[in-house]
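Numbering (my numbering), first residue to last: 3 to 98. Using N, Cα and C, we set each Cβ at its ideal position, and we do this for glycine too. Structure first, commentary second.
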């Protein structure tokens, strides 16, 4: 039996192994780790354009009726795939 316990919120002890959990620095923001300043500005400009451009551009005509059925067909195909049986052999999966 493998025993897990949290110890001082710094180490995860599993049997004989000890894994260090990444410590978060308070001055380091989470968004700085994943996005650069350039990409944040680009995303902000994209958001502003999505808010402003529909107010400035004229309305578009409705799409053809056949094109409106496309999302319904895609969703029904995905539901069919989700509930169809797998062709993979039965594999026993256990979590540790």
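Query, Result
"C-alpha distance - residue 45 paired with residue 72, whole-angstrom precision", "29 Å"
"Element boundaries [alpha helix (DSSP H), containing residue 38]", "No alpha helix (DSSP H) holds residue 38; DSSP gives it neither H nor E."
"Residue 43, DSSP secondary structure in three states", "helix"
"Limits of the unbroken alpha helix (DSSP H) element including residue 78", "72 to 85"
"Alpha-carbon to alpha-carbon, residue 93 and residue 65", "46 Å"
"Residues of its chain near residue 79, where Cβ-Cβ distance is below 7 Å and the 5 sequence neighbours each way are ignored", "none"
"Reduced DSSP category for residue 61 - H, G, I as helix; E, B as strand; rest coil", "coil"
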